[in-house]
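Below is one structure, written out as structure tokens, with a few remarks after it.
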Ligand code: 5AD
Ligand code: SF4
């Protein structure tokens, strides 16, 4: 089974990250081990955390055994994600039992959801810090030193960490994430995010554009603008659409993206995540205007049935979604369209499930993340509906969704055979250093012989063959 079509639960895969210490500041002789789970936003937040800790003189390590402090940035989106983190915390607890000076902190969505629970009931951790509390981490570490309970789970209406320059994951890298907004006001009934990440707030466009410029000057060639719902990015515009301060220019997402696109034609721009109810033609028109804005939209549909979408509180119908797909295809021809799908949401009938399959036939998604519904505490769905689709039915429906998606992923790649694609080289192919890998504007991975091309270069590649996960080709010159 190809990676494209697996039941992908990215939130369950953790990654230990080595963040370089910023030069100049004093090193305090202590080592930080930082592990991240979940969405791109969490990985981006971990870069902010690394920056804050490195300003305190912490060096990062990939070896958990030499750490003085372990921080784990967590995800609550599905139950599996939390179970995995609990397992990791149990592993760390064994280390703590052997070394009482070791500090363990939990960050992110699970910290926000469980608050002091982990600290009090199980004594698994010393620090609990929610997504808006990272500036407070140095104080929290100090509090642990004085034997106090170190908890900060206050959610903020305005924290965007705009002034904190993130320590990049991979120095000398090609692709970077830039957070443009935080939180979510949507209240999809299945989703825990509005409870764990708080209210929506946008980051000052100047700080975003400056960060993208700095990244480009450091040699990066791609930025992904991140937000839970990028289409509701707005600066100096109220949620009712009114100008807040006449003396400051207003900026919406389309305008922000245009500013970033104008920094350099050699800087590629991606963004995630769009919301079908908010995605405007303005954004599509800007995408079509700039070659360096990648032709790829992630537009989570969740279900192809209007009644399920209503119960999910998504704010659109099947027809509305299909109209937005038609708009993408009209305005940005050849744009890749990717999605998220949930199987077995509360009350989902066989017919409603079939509507998801038939929507997939109509859209022919290039890629999809596919999940079984997982009930989350305190969400609207948990309070209003019964999680009544049996596990085996959820599983069978998910299989049907995955099976269909597998065909479309392969079809999508086959259509590229014979075309010439502009590929941004990311590095060596995993299998052989005689080959390079990189992505097309549509976000397909391409493998081709290295010749004398370097990481960070744009190479025109003729596509000769494919699997459902990868395109294979040769440079045309
Ligand atoms: N159960 C299953 N999938 C979920 N997602 C969000 N909440 C849940 C849940 N409770 C999925 C949605 C969303 C993606 C990030 O995770 O498809 O778009
Ligand atoms: Fe969750 Fe919906 Fe907000 Fe996405 S838009 S984070 S699914 S509430």
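Residue numbers (our numbering): 1 to 477. Yeah, the Cβ is synthetic: ideal placement off N, Cα and C, and Gly gets one too.
Under 8 Å between the Cβ atoms of residue 224 and residue 113?
Indexing the chain shown from 1 puts residue 224 at position 224. Indexing the chain shown from 1 puts residue 113 at position 113. No, they are not a contact pair.
Does the beta-carbon distance from residue 71 to residue 119 come in below 8 Å?
Residue 71 sits at position 71 when you count from the first residue of the chain shown. Residue 119 sits at position 119 when you count from the first residue of the chain shown. Between residue 71 and residue 119, the CB-CB gap reaches or exceeds 8 Å.
Please return the same chain residues whose Cβ sits closer than 6 Å to the Cβ of residue 364, not counting the five positions on each side in sequence.
Counting from 1 along the chain shown, the entry for residue 364 is found at position 364. For residue 364, where only same-chain residues beyond five positions count, the Cβ hits under 6 Å are 408.
Tell me which same chain residues have a C-beta within less than 8 Å of the C-beta of residue 453, skipping the five on either side of it?
Walking along the chain shown from the start, residue 453 turns up at place 453. Here the set comprises 425, 436, 459, 475.
At a threshold of 7 Å, does residue 428 count as lining the ligand 5AD (C-beta to nearest heavy atom)?
Taking the chain shown and counting its residues from 1, one reaches residue 428 at position 428. Checking every heavy atom of the ligand 5AD against the Cβ of residue 428, none is found closer than 7 Å.
What are the residues that DSSP puts in a beta bridge with residue 235?
The residue you call residue 235 lines up with position 235 of the chain shown. Under DSSP, residue 235 takes part in a beta bridge, and its partners are 251.
Between residue 457 and residue 380, what straight-line distance do the alpha-carbon atoms span, to the nearest angstrom?
The residue labelled residue 457 in the question sits at position 457 within the chain shown. The residue labelled residue 380 in the question sits at position 380 within the chain shown. Each residue's alpha carbon lies about 47 Å from the other.
Under three-state DSSP, which class holds residue 168?
Position 168 of the chain shown holds residue 168. In the structure shown, the three-state DSSP call for residue 168 is coil.
Indicate, with yes or no, if the ligand 5AD has a heavy atom lying under 7 Å from the CB of residue 448.
Within the chain shown, the letter at position 448 stands for residue 448. No, since every heavy atom of the ligand 5AD falls outside the 7 Å radius drawn around the Cβ of residue 448.
Taking Cβ positions only, does residue 218 come closer than 8 Å to chain B?
Of the chains in the structure shown, none is chain B; there is only one protein chain.
Does any heavy atom of the ligand 5AD sit closer than 7 Å to the C-beta of residue 77?
In the chain shown, the residue the question calls residue 77 occupies position 77. Taking 7 Å as the cut-off, one finds at least one heavy atom of the ligand 5AD near enough to the beta carbon of residue 77.
Cβ neighbour criterion (16 or more within 10 Å) applied to residue 276
Locating residue 276 in the chain shown gives position 276, counting from the first residue. Burial is judged here by how many other beta carbons sit within 10 angstroms of a residue's own beta carbon; residue 276 has at least 16 and is buried.
Just the Cα atoms here: how many angstroms apart are residue 428 and residue 264?
By one-based count along the chain shown, residue 428 stands at place 428. By one-based count along the chain shown, residue 264 stands at place 264. Straight-line Cα distance between these residues: approximately 25 Å.
State the DSSP-derived secondary structure class of residue 68, mapped to helix, strand or coil.
As a position in the chain shown, residue 68 is number 68, starting the count at 1. In the three-state DSSP reduction, residue 68 falls in the coil class, being neither helix nor strand.
Can you tell me where the beta strand (DSSP E) holding residue 265 begins and where it ends?
On the chain shown, position 265 is the one that residue 265 refers to. Residue 265: not part of any beta strand (DSSP E); DSSP gives it neither H nor E.
When we look at the beta-carbon of residue 63 and count the other beta-carbons within 10 Å, is it buried (16 or more) or exposed?
Working through the chain shown from its first residue, we reach residue 63 at position 63. Counting other Cβ atoms within 10 Å of its Cβ, residue 63 stays below 16 and is therefore classed as exposed.
Whole-angstrom distance between residue 410 and residue 447, CA atom to CA atom:
Looking up residue 447 in the chain shown gives position 447. Looking up residue 410 in the chain shown gives position 410. Approximately 16 Å between the Cα atoms of the pair.
Residue range of the alpha helix (DSSP H) that residue 405 falls in?
Here the question's residue 405 lines up with position 405 in the chain shown. It spans 391-414 - the alpha helix (DSSP H) in which residue 405 sits, taken as one unbroken run.
Whose C-beta lies closer than 6 Å to the C-beta of residue 251 among residues of the same chain, with five residues either side of it excluded?
Within the chain shown, the letter at position 251 stands for residue 251. Excluding positions up to five away in sequence, the list reads 205, 235.
Sorry if obvious, but does the Cβ on residue 87 come closer than 7 Å to a heavy atom of the ligand 5AD?
Within the chain shown, the letter at position 87 stands for residue 87. Not a single heavy atom of the ligand 5AD lies less than 7 Å from the C-beta of residue 87.
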